[in-house]
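**Student:**
Residue numbers (this note's numbering), protein chains in the order written: chain A, 10 to 310; chain B, -13 to 369; chain C, 14 to 279.
#1: So for residue 262/A, helix, strand or coil by DSSP?
#2: Can you give the Cα-Cα distance for residue 117/C and residue 43/A, rounded to whole angstroms?
#3: With a threshold of 16 other CB atoms inside 10 Å of the CB of residue 59/C, please say whether the residue is buried or exposed.
#4: At least one CB of chain A closer than 8 Å to the CB of residue 162/C: is that the case?
#5: Are three or more beta carbon pairs between the segment 30 to 46 of chain A and the segment 91 to 108 of chain C nearer than 8 Å?
#6: Output needed for residue 150/B: all residues of its chain with C-beta closer than 8 Å, excluding positions within five of it in sequence on either side, in chain order.
#7: Please classify residue 224/B: is it buried, with 16 or more other beta-carbons within 10 angstroms of its beta-carbon, or exposed?
#8: Of all the CB atoms in chain B, is at least one closer than 8 Å to the CB of residue 236/A?
#9: Distance, Cα to Cα, residue 83/A vs residue 153/C?
#10: Kindly list the residues whose CB is nearer than 6 Å to the CB of residue 368/B, restricted to its own chain and excluding five residues on each side of it in sequence; keep chain order.
#11: If you measure between the beta carbons of residue 159/C and residue 120/C, is that distance less than 8 Å?
#12: According to DSSP, is residue 192/C part of a helix, a strand, or is it coil?
#13: Taking all protein chains shown into account, decide if residue 245/B is buried (16 or more other Cβ within 10 angstroms of its Cβ) or exposed.
#14: Leaving out five residues before and five after residue 29/B in sequence, what residues of the same chain have Cβ atoms less than 8 Å from its Cβ?
#15: May I ask which residues mark the beginning and end of the alpha helix (DSSP H) holding residue 99/C?
#16: Is the beta carbon of residue 255/B within less than 7 Å of some heavy atom of the ligand HEM?
#17: Ordered along the chain, which non-local residues of its own chain (more than five positions away) have a Cβ less than 8 Å from that of residue 150/C?
#18: Does the Cβ-Cβ distance between residue 124/B and residue 45/B come in under 8 Å?
#19: Closer than 9 Å by beta-carbon distance: list the chain C residues that pair up with residue 300/A, in chain order.
#20: Decide if the segment 302 to 318 of chain B is in contact with the segment 352 to 366 of chain B; the criterion is three or more beta carbon pairs, one per stretch, under 8 Å apart.
#21: Run through the DSSP bridge pairs and tell me what residue 325/B is partnered with.
#22: From residue 179/A to residue 264/A, what distance separates their C-alpha atoms?
#23: Look up residue 236/B in the DSSP assignment and say whether it is helix, strand or coil.
#24: Measure the beta-carbon distance from residue 77/B to residue 184/B and round it to whole angstroms, keeping in mind my assumption that it falls under 8 Å.
#25: Would you list the one or two residues that DSSP bridges to residue 15/A?
#26: Can you pull the chain B neighbours of residue 14/A, defined as C-beta to C-beta under 8 Å?
#27: If you draw a straight line from the alpha carbon of residue 114/B to that of residue 214/A, how long is it in whole angstroms?
#28: Does residue 98/C come within less than 8 Å of chain A when only Cβ atoms are used?
#29: Just how far apart, CA to CA, sit residue 208/C and residue 137/A?
#30: Measure the C-alpha to C-alpha separation of residue 340/B and residue 301/B and round it to an integer number of angstroms.
#31: Under a three-way DSSP split, which group does residue 114/C fall into?
#32: Counting only beta-carbon separations shorter than 8 Å, does residue 172/A have a partner in chain C?
#33: Chain A beta carbons: is any one of them nearer than 8 Å to that of residue 231/C?
#34: Does the beta-carbon of residue 161/C have 16 or more other beta-carbons within 10 angstroms, so that it is buried, or is it exposed?
#35: Can you name the start and end residues of the beta strand (DSSP E) that residue 87/B belongs to?
#36: Please classify residue 283/B: does DSSP put it in a helix, a strand, or coil?
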């Protein structure tokens, strides 16, 4: 006799349920296996191969790519690649913090609009979110170029040579990154701010006069879900950013994204490119797991 | 709530990524079940026999047996987590029992799926279909069974009329108040003419005033239809108001079964005595045909079969006397007087005994009083 | 919420909006400037727009972009919805569920460049093995579907979570068979989630540059790739016009969708 179960009000057998679940998930599951899991596995495999003379992949098991990433080259140790990795982390971190500093006020501002017009203000954040990154980055190139007032102002202040543009420069990268990833921070924060329980904030205003403490004690804990998502959505793409540093940073302010692109483009060194990608992936996953740990311990505390 | 497309997308992403970052909390463990009581009425409409159920290692129901007569209003009463909702879901066919049988009008229905049982539940949060209006919600069951259109219209119309919901027939659930939603849920179940109607805490979403009204209405409706109703609740007032019979549950087992008066006046255990209203519990030892207690020698209406245990008496059953009464007399001093309008609550040493009596001017703190604990109201508890 | 905000909230909010819009505004102004070189104002013109419409490569790229977004969204919505229902409404062995969950979250939490690189390698291997999978429209569509599935599945899953078990149980109890349940209860209730997932997938496809850039072939240029290439070569005024048009199209798309969804609510 087969075992019967009740599943969402239906009397059925575990076997039939498993079959139905599997038949639904089979096609998408297979797709993800072939075009997501296998490619990533292949990437890991290639990271342990070596580059042939003509840029082909030679399947010899070697850790040379990782040694090279760690700085051990034929000419002795150099920190070049580690510097690029570290710089990427730093830029992503600064971008995330700056984006959040701007996103909080904007989220509050939108939530304070009257109900009828609020969706328009929200759309004002969604429109850049939906506009292609290349278009938006190019717009920054234009705005920072030598003939626009910003560059002239900077030149007049003696910050740059007269007649030169504000890019390529690290500052331009930061501005471009914040400009591109700001909407990713605003939207999740807004969904949290919208649900904020204001009586808690008012009680906090009664108890502690300082604005900082009101924010830390009453607003921050309530918007934490939106905040974590905002951090994920800004930090991860910022780590892998390629377009912004490519167009606004130039060759001397290279980030991991550009390094990877270089290996798959002009250098034709897939194995090293894969090793760098793997390193980047491990860094982001590590970041994510620390956040997960933090969230888990924070909730029980 | 008005929500635009992008808002719902971001909300979904926040939800999804939130799950990713913060792992779900572990389920809380429940306590082990204890005792059981059996009961066998003469003409059962619904009979539940030996039902047990575990969720993983947690035993939720332990050997539950009871029956409900045709046209009876039975309430499963107990604190949250006592397994009463699970029992209801097993009767409805929404959960499978590990052991035991459910019989309806002599027919075993344990193996029938929910949609083949002539039983319809009213869910705790009503579970109305949010995308269908009141009329479509009520018609759902008949339409699923492919009733002809004119039949559907007729019966839906009758059901709506009976619950006075006709003016709201084209409203959607989100446009209804809690009480109105509840009526729709009732109509949606009743329109199928079930043999048995199950109600899972149907009043929990209503405010206190409305709840009292709806309780009476529900009682009247059940009388008019003559159907068997089974209600699950943790509210003792509600159980007292509507039921023909109350089944008190605790930790997955039945604690006591009886009419509201029986359960209230003659509680079987400390748990029942404390859960329904308040009771004075007095520790006692049996000695030479009467009970030795800290209050002196007392004689209960019925002698218990234990030698050491507990006696219980309701505060309003304790009589205040000017002279020492002949039997079961306790002398004491009033320590506290709480004025409640139509009565006063006294706390009397020794004990302290809680006494409920009519307000009189001479009952003040420090006064010596005689109390009479009449044998017929002094109940020997099982435990 | 309380109506008036202090200035130290309003000012940064305005600054944030400026950061988002001033650059695009600059592009829009330059795009109607008659000057070919330099940005000094030489009078209003729509000549660059007119020239854009005569440019075959631009029109082709625009067509490619739309085809890519539409085709990939259509496939990904079907697959993603099936995955979401299969995953969240049926029992799975613990390890398989964990594996599926991980796979679905993977594209969301990996920088897109890693994913692009992995696909380049995979397509390279598949090409060597089978002879098909030359870089072009097909590989781009496959790449887009792959990351879209995950997002659609996540959005539909969160919708399914809000529908909850009780409604389904009520429908079953009220004599619905599987067909009725799907047609009369589940699909109507899931529709907002499916639509939101499809919209998100469509936007992500339009928004994407990196994955398209890596998986595109010589014949399958999209608008972002075209703009990127010409920015590297040296900017022409037509690019300003094109950027402005893309931006305006996005504005119309977003406002249109918002309008549509609020109308559907009423």
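Cβ atoms here follow ideal geometry from the backbone N, Cα and C, with glycine treated the same way. None of these values were measured; they are calculated from a predicted model.
**Tutor:** On the basis of the coordinates in this document:
#1: In the three-state reduction of the DSSP assignment, residue 262/A falls in the coil class.
#2: Going from the Cα of residue 117/C to the Cα of residue 43/A covers about 13 Å.
#3: Exposed.
#4: True, the Cβ-Cβ gap to chain A drops below 8 Å.
#5: The answer is yes - the segment 91 to 108 of chain C touches the segment 30 to 46 of chain A, with three or more Cβ pairs under 8 Å.
#6: Excluding residues within five positions, the ones whose Cβ falls inside 8 Å are 169.
#7: Its Cβ being crowded by 16 or more others within 10 Å, residue 224/B is buried.
#8: Answer no: the Cβ-Cβ gap between residue 236/A and chain B never drops below 8 Å.
#9: One Cα belongs to residue 83/A, the other to residue 153/C, and the distance between them is close to 38 Å.
#10: So the qualifying residues of the chain are 254 and 255.
#11: With contacts defined by Cβ atoms closer than 8 Å, residue 159/C and residue 120/C form a contacting pair.
#12: Look at residue 192/C here: in three-state DSSP terms it is helix.
#13: Residue 245/B comes out exposed.
#14: Confidence is the limiting factor: at residue 29/B the pLDDT is only 48, short of 50, which leaves the residue's position unreliable, though a coordinate-based value still follows. Closer than 8 Å at the Cβ level, and outside the excluded window around residue 29/B, lie 55 and 56.
#15: For residue 99/C, the uninterrupted alpha helix (DSSP H) segment begins and ends at 69 to 102.
#16: As far as ligands go, the structure on display features none, and thus does not contain the ligand HEM.
#17: Closer than 8 Å at Cβ, skipping near neighbours: 77, 80, 81, 230, 232 and 233.
#18: For the 8 Å CB-CB criterion, residue 124/B and residue 45/B do not form a contact.
#19: Within chain C, no residue has its beta carbon less than 9 Å from that of residue 300/A; the closest one is some 10 Å off.
#20: In this structure the segment 302 to 318 of chain B lies against the segment 352 to 366 of chain B, because at least three pairs of beta carbons, one per stretch, are closer than 8 Å.
#21: Assignment of beta-bridge partners to residue 325/B by DSSP yields 330/B.
#22: Approximately 11 Å, taken between the alpha carbons.
#23: Of the three classes helix, strand and coil, the one that applies to residue 236/B here is strand, per DSSP.
#24: About 6 Å separates the beta carbon of residue 77/B from that of residue 184/B, a gap short enough to meet the 8 Å contact definition.
#25: Bridge partners of residue 15/A: 20/A.
#26: What residue 14/A touches in chain B: 82.
#27: The straight-line gap from Cα to Cα measures roughly 41 Å.
#28: With its beta carbon less than 8 Å from one in chain A, residue 98/C belongs to the interface.
#29: The straight-line gap from Cα to Cα measures roughly 21 Å.
#30: Straight-line spacing of the CA atoms in residue 340/B and residue 301/B works out to 5 Å.
#31: Correct three-state label for residue 114/C: helix.
#32: For residue 172/A, the nearest beta carbon of chain C is not closer than 8 Å to its own beta carbon.
#33: Residue 231/C has a beta carbon lying at 8 Å or more from every beta carbon in chain A.
#34: Residue 161/C is classed as buried because its beta carbon has at least 16 other beta carbons within 10 Å across all chains shown.
#35: Segment 85 to 90, the beta strand (DSSP E) holding residue 87/B.
#36: If DSSP states are grouped into helix, strand and coil, residue 283/B belongs with the strands.
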